[in-house]
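K.L.:
Residue numbers (this note's numbering), protein chains in the order written: chain C, 1114 to 1479; chain U, 7 to 507.
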Amino acid sequence: MLKREGEVRIPSGCAVAGLFSKDGKSISGETIIRAMTVMHDRSNGLGGGFAGYGIYPQYKDYYAFHVFYESASAREECEKYINEMYEVINLSKIPVKKSPKITNEPLIWRYFISPDHNRLRDSQLDEKEYVVRTVVHINTQMDGAYVFSSGKNMGVFKAVGFPEDVGEFYRLDEYEGYSWTAHGRYPTNTPGWWGGAHPFAMLDYSIVHNGEISSYDANRRYIEMFGYKCTLLTDTEVITYIIDYLVRRTGLTLEETASVIAAPFWSTIEGRSEGERERLTYLRNTFSSLLITGPFSILLGFDGGMMALNDRLKLRSMVVGEKDDMVYIASEECALRVMEPSIERVWAPKGGEPVIVRLNRKNGDS
Amino acid sequence: MPINFIYPEFEIVRDESQCIRCRACERQCANEVHGYDSERNAMESDELKCVNCHRCVLLCPTRALKIIRTDHTFRENANWNEDAIKEIYMQAGSGGVLLSSMGNPKNYPVYWDKILINASQVTNPPIDPLREPMETKTFLGKKPEKIGRSDDGTLKVNTSPQLELELPVMFSAMSYGSISYNAHESMARAAQSLGTYYNTGEGGLHEDFYKYGKNTIVQVASGRFGVYLDYLNAGAAIEIKMGQGAKPGIGGHLPGAKIVGDIAKTRMIPEGSDAISPAPHHDIYSIEDLRQLVYSLKEATQNKKPVIVKVAAVHNIAAIASGIARSGADIIAIDGFRGGTGAAPTRIRDNVGIPIELALASVDTRLRDEGIRSSVSLVAGGSIRNSADVVKAIALGADAVYIATGAMLALGCHLCRNCQSGKCNWGIATQRPDLVKRLNPELGHQRLINLLNAWKHEIKEMMGGMGINSIEALKGNRLMLRGVGLNEKELEILGIMHAGD
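(1) Would you say Leu-1233(C) reaches chain U, if we count a Cβ-Cβ gap shorter than 8 angstroms as a contact?
(2) From which residue to which residue does the alpha helix (DSSP H) around Gly-1434(C) run?
(3) Look up Lys-247(U) in the DSSP assignment and say whether it is helix, strand or coil.
(4) The ligand COA heavy atoms versus the CB of Glu-1446(C): any closer than 7 angstroms?
(5) Can you say whether Gln-1254(C) is buried or exposed, counting buried as having 16 or more other CB atoms within 10 angstroms of its CB?
(6) Could you check the C-alpha separation between Lys-443(U) and Asn-188(U) for me, to the nearest Å?
(7) Establish whether the CB of Leu-497(U) and some CB of chain C are separated by less than 8 angstroms.
(8) Leu-1393(C) to Cys-66(U), Cα distance in whole Å?
(9) Should Arg-1458(C) go down as buried or exposed, given a rule of 16 or more other Cβ atoms within 10 Å for buried?
(10) Compile a chain-ordered list of the residues in the region 454–479 of chain U whose CB is closer than 8 angstroms to at least one CB of chain C.
(11) Name the DSSP bridge partner or partners of Trp-1460(C)?
(12) Return the residue from the list Glu-1281(C), Leu-1413(C), Gly-1364(C) and Lys-1214(C) that minimises the CA-CA distance to Pro-1312(C).
(13) Could you give the first and the last residue of the continuous beta strand (DSSP E) run that contains His-40(U)?
(14) Buried or exposed, going by whether 16 or more other CB atoms sit within 10 Å of the CB of Met-469(U)?
(15) Could you tell me which of Lys-1214(C), His-1179(C) and Asp-1235(C) sits nearest to Arg-1223(C), measuring between CA atoms?
(16) Please report whether the beta-carbon of Ser-1184(C) lies at a distance below 8 angstroms from any beta-carbon of chain U.
(17) Quick one: grab the DSSP three-state call for Asp-341(U).
(18) Hey, how far is the Cα of Gly-1477(C) from the Cα of Ile-499(U)?
(19) Please list the segments of the beta strand (DSSP E) lying wholly inside the region 129–191 of chain U, counting only runs of 3 or more residues, in order along the chain.
(20) Within the same chain, show all residues whose beta-carbon is closer than 7 angstroms to that of Ala-365(U), passing over the 5 residues directly before and after it, in chain order.
(21) Buried or exposed for Asp-158(U), going by 16 or more other Cβ atoms inside 10 Å?
(22) Quick check on DSSP: helix, strand or coil for Trp-1307(C)?
(23) Can you check whether the CB of Gly-1464(C) is closer than 8 angstroms to the CB of Leu-1426(C)?
(24) Can you tell me the Cα-Cα spacing of Gly-1167(C) and Ile-153(U), whole angstroms?
(25) Figure out for me which residue from Ala-194(U), Val-266(U), Ala-281(U) and Tyr-218(U) has the closest Cα to the Cα of Asp-230(U).
(26) Look at the alpha carbon of Thr-129(U) and the alpha carbon of Asp-356(U), and state the distance between them as a whole number of angstroms.
(27) Anything in chain C within Cβ reach of Ser-126(U), meaning under 9 angstroms, just list it in chain order.
(28) Taking only the alpha-carbon atoms, compute the straight-line gap between Tyr-1329(C) and Gly-255(U) and give it to the nearest angstrom.
(29) So with Cβ pairs under 8 angstroms, would you call Tyr-1243(C) a contact of chain U?
(30) Going residue by residue through the region 1295–1373 of chain C, where are the continuous alpha helix (DSSP H) segments of at least 4 residues, counting only ones entirely within it?
(31) Name the one or two DSSP bridge partners that Lys-1271(C) has.
(32) Under 8 angstroms between beta-carbons, which chain U residues line up against Glu-1391(C)? List them in chain order, please.
(33) Name the one or two DSSP bridge partners that Thr-222(U) has.
(34) Under 8 angstroms, Cβ to Cβ, is there at least one residue of chain C near Lys-148(U)?
(35) Which of helix, strand or coil does DSSP assign to Val-397(U)?
(36) Return the chain-ordered list of same chain residues with a C-beta closer than 8 angstroms to the C-beta of Val-300(U), the five sequence neighbours on each side being excluded.
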C-alpha cells in the first residue's frame, strides 16, 4: 500500500498564483480560479487549494478552524477537545458542490472559536501560541482529524484534484476577500490525502509553494527544536513553521525573514555598505540553519499582506504584475493576463528579493 | 645471546642490477636499516629496523628499492594472529607497555564507507559550481538566543565571538614537540592562506608563530605547557583538551629526549625533563569545574575568544556533550577513536573509545532533542580522510571537521606508525635537525593548500549535485544520506534511512 503524506517525503512541482488589493477591495474567488485554469498543465490532479483573506468579516475576531475528519467518531473526539479549549461561536459543514471530479471527500467542518479564558490564562501562553499548540495537538494526537486552517478572517480550502475543480467544489465564487493565493500540485507519488494539498497554514500565515527544497532536513531538524512537529514532511509545512518562528516568535520583519531564508550570497553581502553587511551577516550566521536552498517560489499570505519570494538562484518561475491598486503574482505570465487582461508593469523579481504588499489603509483588524 | 623472537615484518627488495651503490638509502634512513659493505661493494639491509616509511624507496635515484611484506608466517590461527603472538613476544622481552602511533588500525567498521550521498534528478535541479556561486563559509560559535533591537529598530549584533572558516575544515591539534617546527610552520601558513585554523596542540606556541595568531587555535591541556596570558591572547580561539580519540582517559608523555632547545622554551619546562600531561585536568574533576575553567579563560581574554572543549568519543558522549554545551563552551570538538597520536599505549589506542560517526550523530541528535544545538558548534575529528567524509560529517550534524592524519599525509607521512621513535624520516614527528630540515615548509604549506583546495572543489561538486548551494543547508541534513549494509540500530543512531528506502 502506498504510504500517506507524512510517512514518506513526496517531492512535487507546482503552480502558484496570488492576487492582492492594496485598497482592501472585496474580490470574488472566481478570479483566482481562472488563473489556475490556464496553468492546468502545471498540476496533475493530485492536489489543489486556495487561501482567501478578509472572507469572514462577520466573524473577524474569531479563529476560523477548517477541519478534515475521516470519520464521525474522529469529529466527535475533536469537537470534545475544541469545546474544552475554546468557546465555540458557530460551527457548520463547509458548503461544497458535489462533482465527479472531486471524490473521496472527508467530512469538512468549520468552527469560529475563541480561546477559553480560564484555560488560556492557566496555560501562561500568549493567545496565538495557545492556538498553535491546540492545532498541533489535534493534528498529531487525534487520528482522523486534521485542522488545515486556523487564522482569523481568512480560510484555506484544499482537496485532491485539479485546482480549478477544487475551487468550484468549495464554491469559492461565493466568497469575497482582498487577498487570494492558490496552488496546483504535481506530486511524484499518489498520496491521495487531502491534508497534503496546499496551502499549508498556521494561524493567519498560509503558504503556497512551488519547488523542492534541498535544505529540507536541515531546516526540519532545526525548527523542530522549537516545538514544531513536521508531520507531513512537505516543504510547505516546514517553510510555514520557519516563517512563524522567525516572524511571530523571534520578531524579525518580513524583509529580515527573506534575508534569512533566501539569504544573499556572501559575495553580495561583502559588496554592501558596512551597516548592511553587518546586519546581513548577523542574520545569516544567527539563523544559518533556516537558509532554504533548492528551487522554490512561495507566496506567503498573512493578515493584511502578502509576500512573494524566490530562491536565491531563481530556479522556479514567478512573475508579478500590477494594475491600479491590484498586485498579481503567478508562476506564469498567462495567469496574470487572465486575471487582469489590461495588466500593467509585469516583471520577474530577482531570486531572493521579496515582493511584499500590504493594505494601504491602516486597518488593524481586517 | 638470547633469541630475538621477532622476525622482520618487511623485506627490502633491492634490484642489484639497478642499484648504483650511491648509498642514498643509507643516508636517508634514520632507522639505520641500510649499510654498505665496501669489501663486497654491496648494499646490505637490517630489515628488523625497517618501519616501511618509503623514504629510501622514494629517494632511490634508480628505483632499485621496494619494501614488501614478508611472507614468512606463523602457523595460521584465526584467534592467535600474527600481531597477538608478536605482542606477547615483545612484552615478554621488555616487560613494558606496548606503544604505538597514529590512529587505530584495527578492522572496526568504518561507517563513512557505509553511508552514501544523494543527488538531484528531475524534481529539482543539480547546481553547477562552475556556473553558480557555491558557498562553503562557516561560522563556529554560540548563536544568540534572542534578537535585540536599538531604539530606532535596527538589529543589534549580539553575536558571541565566532570563528570564520572559508571551508569547514581545520587542522587538528598536534603539539610542537610531538611534531616538528617545519610541520607547524606548514600548517600555520596554510591555515592563513586558506582562511581556516590550525591548532597548537598542548606544547605552547613557538614565538615565531605568534604572527599567525588570527588563524591559530591555542590549546590548554592538562599539562598546561606553555600556557600564559600572551599565549591565550595570541590565538583566535582557545581549546581545552579534555581528551583525545586515540587515547581517551589517559594523558600524554613527551620523553625528555625530545624536550630540547625551543621545545623546552615553548613548553616553559627545563630541557631534558619529561613532559607529562596528567590523565585528568587536576582542576577539573567534574562538569562544574569545567565551567569554571571555561569562564576563567574567557575572563583572561576579555570574552573575545570562543572556547572549544575537545573530548574523546566515549560511550556516554551524548550526555557529556550536553553537559559541555551548558558549561559555557562555544564549540565542542569530538575526537573519534580512529584519531591519530604521536604515541599511545597500543591497548588503549586499539580498544578504547567509539567511532566518530556514531558519536557525532548521537551528540547532534541529543543537543537538538534538548533544544540547545544552536548554543554550541560541533567539530568532528578522528579520521576524516577525504572530502566525502567531510560532506557526510556535516550532513550528520557537524559544523566543521578537524583533520590531522590527512594533513600529515599531505606533508609526506607514510603512516608507518612509529612517531614515538622520534626518527621520522619525513621530518614530521621528529626533532632531529637533520631530519626536520627534510620537510620544507614552503613546499609543505603549498601541499596542504592544494589538498584543501582539492577537497573544496569536490565538496562543491557534491553539494551542487544535491542542489545545495550553501554549506549551512547541508548541516544536519540527514535526508541526504543513506546507509548500506547497516542494521536497524546503526541506522537509528545515525538517524538515516537505508539505501532504497
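Heads up, the beta-carbon is just placed ideally off N, CA and C, and yes, glycines get one too. These numbers were taken from a predicted model, which means no experiment stands behind them.
P.N.:
Inspection of the coordinates gives the following:
(1) no
(2) Per DSSP, Gly-1434(C) belongs to no alpha helix (DSSP H); it is in the beta strand (DSSP E), 1432–1436.
(3) strand
(4) This structure lacks the ligand COA; in fact it carries no ligand of any kind.
(5) exposed
(6) 7 angstroms
(7) no
(8) 57 angstroms
(9) exposed
(10) Met-472, Gly-473, Ile-474, Asn-475, Ser-476, Glu-478 and Ala-479
(11) Val-1433(C)
(12) Leu-1413(C)
(13) 40–43
(14) buried
(15) His-1179(C)
(16) no
(17) strand
(18) Note that Gly-1477(C) scores a pLDDT of 46, beneath 50, so its modelled location is shaky and nothing firm can be said.
(19) 144–146, 169–171 and 175–177
(20) Ala-319, Ile-323, Ile-340 and Gly-342
(21) exposed
(22) helix
(23) yes
(24) 32 angstroms
(25) Asp is not the amino acid found at residue 230(U); the sequence shown has Arg there. Selected option, being the one with the closest Cα: Ala-281(U).
(26) 46 angstroms
(27) Glu-1325, Ser-1327 and Gly-1407
(28) 39 angstroms
(29) no
(30) 1329–1336 and 1348–1356
(31) Gly-1162(C)
(32) Val-163
(33) Tyr-204(U)
(34) no
(35) helix
(36) Ile-246, Val-313, Val-315, Ser-333, Gly-334 and Ala-335
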